[in-house]
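S.K.: Numbering (our numbering), first residue to last: 6 to 357.
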């Protein structure tokens, strides 16, 4: 009996998370689009304004690193397809191409106070709620937290023009498993895409505050070197690259040498290790964002990356170690750990 009650509560908490995710990513994105279009300069279409602001938005990508190349390519050349513009990008457009008088006094880089209820404040709230949902380690929302997030989201959507009938429909209708999966995936992809730019901006400012975790990660790398060389009889670490749970990327063998992590596939792969033990827990968000950004970086050969040739093809396949290292006497059925495998399954573009 108690087990049935517990299972019922878990399903409810999971349903709460799914409903909030779908409401945010579907209706929230729609409202973000509409409010930006309403606040464009008078009698101008989005196509016209983007044409006028092309140099400014290119600088946001190439110089200020506010947006990523893939976000820029969602805008240029602009075909009229707004489905590629997500909440993060609508927020950037709100800040840079809408009428200045409509966004006067807005502080874009902090969470709004309760009394701040302008349209731009509510766009920021949508992003903040999305980022909160990304950091929920288990896709569940319990009572008080669910009510808090739901109230904040509903109030923001109402002010942006969503009717109570639409909100009620989202919160009461049967969930579509496929649409729910898409919404959760969008939350993860959008957050990581946004961090792609923020990581590049923040790197130089975090140098001193991260020194302790960097030292600890370096010690872990040194231990790995000490194990790999004498015991494994390798001339270097077996992995091409390593990522600390603090989000720092380390070069192991690098790209110029073949991996030694999976003997029958080494010539075909780039091996990346996430340092830590993830059988029962997920890696920190900094590590997963760093992996996402690094994979994006080594598949790019634009002038900004200063890579002459991409290390990975853009259509690469993503595997866990346990999926491909199955033909050796030393098999690692749990590597890289259930926590990592659960995260990677949301990366449907490359996940096999």
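Just so it is clear, CB atoms sit at the ideal spot from N, CA and C, and this is done for glycine as well.
Since the structure is predicted, the reported quantities are computational estimates derived from the model, not experimental observations.
Whole angstroms is fine: what's the gap from residue 61's alpha carbon to residue 117's?
M.R.: Sequence index remark: in the chain shown, residue 61 carries index 56 (1-based). Sequence index remark: in the chain shown, residue 117 carries index 112 (1-based). Near 26 Å, if we compare the C-alpha coordinates of residue 117 and residue 61.
S.K.: Within its chain, find whatever has a CB closer than 8 Å to the CB of residue 90; leave out the 5 residues flanking it on each side and keep chain order.
M.R.: If you number the chain shown from 1, residue 90 lands on position 85. Cβ within range, chain order: 38, 79, 80 and 98.
S.K.: Can you list, in chain order, the residues of its chain whose CB lies under 7 Å from that of residue 184, leaving out five sequence neighbours each side?
M.R.: Your numbering for residue 184 matches position 179 in the chain shown. Counting only Cβ-Cβ distances below 7 Å, and skipping sequence neighbours, we find 27.
S.K.: Cutting at 7 Å between CB atoms, please list the residues of its own chain near residue 256, excluding the five before and the five after it.
M.R.: On the chain shown, position 251 is the one that residue 256 refers to. Cβ within range, chain order: 246.
S.K.: Mapping the DSSP letters down to three states, classify residue 161 as helix, strand or coil.
M.R.: Locating residue 161 in the chain shown gives position 156, where the first residue counts as 1. Here residue 161 sits in helix by DSSP.
S.K.: Output the distance between the C-alpha atoms of residue 282 and residue 341, rounded to the nearest integer angstrom.
M.R.: The sequence position of residue 282 within the chain shown is 277, counting from 1. The sequence position of residue 341 within the chain shown is 336, counting from 1. Distance between residue 282 and residue 341, taken at the CA atoms: about 8 Å.
S.K.: Might you give, ordered along the chain, the residues of its own chain that have their beta carbon closer than 6 Å to the beta carbon of residue 65, omitting 5 neighbours on each side?
M.R.: Locating residue 65 in the chain shown gives position 60, counting from the first residue. So the qualifying residues of the chain are 71 and 72.
S.K.: Opposite residue 277 in the DSSP bridges: which residues?
M.R.: The residue given as residue 277 occupies position 272 in the chain shown. Answer is 246.
S.K.: In the structure shown, what three-state DSSP assignment does residue 356 receive?
M.R.: Your numbering for residue 356 matches position 351 in the chain shown. Three-state result, residue 356: strand.
S.K.: With distances taken Cα to Cα, identify the nearest neighbour of residue 330 among 176, 266, 178 and 348.
M.R.: The sequence position of residue 330 within the chain shown is 325, counting from 1. Among 176, 266, 178 and 348, the Cα nearest to that of residue 330 belongs to 266.
S.K.: Which of the three DSSP states, helix, strand or coil, is assigned to residue 133?
M.R.: Here residue 133 is taken as the residue at index 128 of the chain shown, counted from 1. Helix.
S.K.: To the nearest angstrom, how far is the alpha carbon of residue 25 from that of residue 319?
M.R.: Working through the chain shown from its first residue, we reach residue 25 at position 20. Working through the chain shown from its first residue, we reach residue 319 at position 314. Here the C-alpha atom of residue 25 lies approximately 32 Å from the C-alpha atom of residue 319.
S.K.: Between which residues of its own chain and residue 159 is the CB-CB distance below 6 Å, once the five residues before and five after are set aside?
M.R.: Locating residue 159 in the chain shown gives position 154, where the first residue counts as 1. So the qualifying residues of the chain are 172.
S.K.: Within 10 angstroms of the Cβ of residue 53, are there 16 or more other Cβ atoms? Answer buried if so, exposed if not.
M.R.: As a working note, residue 53 is residue 48 in the chain shown. Counting Cβ neighbours within 10 Å, residue 53 comes out exposed, since fewer than 16 surround it.
S.K.: Just the Cα atoms here: how many angstroms apart are residue 93 and residue 152?
M.R.: Taking the first residue of the chain shown as 1, we reach residue 93 at position 88. Taking the first residue of the chain shown as 1, we reach residue 152 at position 147. The alpha-carbon atoms of residue 93 and residue 152 are separated by roughly 24 Å.
S.K.: Once DSSP output is grouped into helix, strand and coil, what is the label at residue 255?
M.R.: To locate residue 255, count along the chain shown from 1; it is residue 250. In this structure, residue 255 counts as strand in the three-state DSSP scheme.
S.K.: Determine the closest residue to residue 189 out of 84, 140, 251 and 42, with distance taken between C-alpha atoms.
M.R.: In the chain shown, residue 189 corresponds to position 184, counting from 1. For the options 84, 140, 251 and 42, the alpha carbon positioned closest to that of residue 189 is the one of 140.
S.K.: Quick one: is residue 120 buried, meaning 16 or more other Cβ sit within 10 Å of its Cβ, or exposed?
M.R.: The count along the chain shown starts at 1 and reaches residue 120 at position 115. Answer is exposed; the Cβ neighbour count stays below 16.
S.K.: Rounded to the nearest angstrom, what separates residue 101 and residue 40 at their Cα positions?
M.R.: Taking the chain shown and counting its residues from 1, one reaches residue 101 at position 96. Taking the chain shown and counting its residues from 1, one reaches residue 40 at position 35. Their backbone Cα atoms lie some 14 Å apart in a straight line.
S.K.: Check for me: the alpha helix (DSSP H) holding residue 95 runs from which residue to which?
M.R.: As a first step, residue 95 is located in the chain shown; it is residue number 90 there, counting from the start. Counting along the chain, the alpha helix (DSSP H) containing residue 95 begins and ends at 92 to 101.
S.K.: Using the beta-carbon count (16 or more within 10 Å), is residue 288 buried or exposed?
M.R.: Start at 1 with the first residue of the chain shown, and residue 288 comes out as number 283. Classification for residue 288: buried.
S.K.: Does the Cβ of residue 148 have 16 or more other Cβ atoms within 10 Å, making it buried, or fewer, making it exposed?
M.R.: Here residue 148 refers to the residue found at position 143 when the chain shown is read from its first residue. If you draw a 10 Å sphere on the C-beta of residue 148, you find fewer than 16 other C-beta atoms in it, and that means exposed.
S.K.: Assign residue 130 to one of two classes, buried (16 or more other C-beta atoms within 10 Å of its C-beta) or exposed (fewer than that).
M.R.: Translated into positions along the chain shown, residue 130 becomes position 125. Classification of residue 130: buried, given that the 10 Å Cβ count is 16 or more.
S.K.: Which of the three DSSP states is assigned to residue 55 in this structure?
M.R.: Numbered from its first residue, the chain shown carries residue 55 at position 50. Assigned with DSSP and collapsed to three states, residue 55 falls in helix.
S.K.: Go ahead and pull the three-state DSSP assignment for residue 146.
M.R.: For the purposes of this step, residue 146 is identified with residue 141 of the chain shown, where counting begins at 1. Coil at residue 146, not helix or strand.
S.K.: Just reading off the alpha helix (DSSP H) that residue 291 is part of, what are its end residues?
M.R.: One-based indexing of the chain shown puts residue 291 at position 286. Residues 290 to 303.
S.K.: Could you compute how far the alpha carbon of residue 34 sits from the alpha carbon of residue 182?
M.R.: To locate residue 34, count along the chain shown from 1; it is residue 29. To locate residue 182, count along the chain shown from 1; it is residue 177. Those two C-alpha atoms are separated by around 19 Å.
S.K.: Kindly indicate the opening and closing residues of the alpha helix (DSSP H) around residue 328.
M.R.: Within the chain shown, the letter at position 323 stands for residue 328. It spans 326 to 329 - the alpha helix (DSSP H) in which residue 328 sits, taken as one unbroken run.
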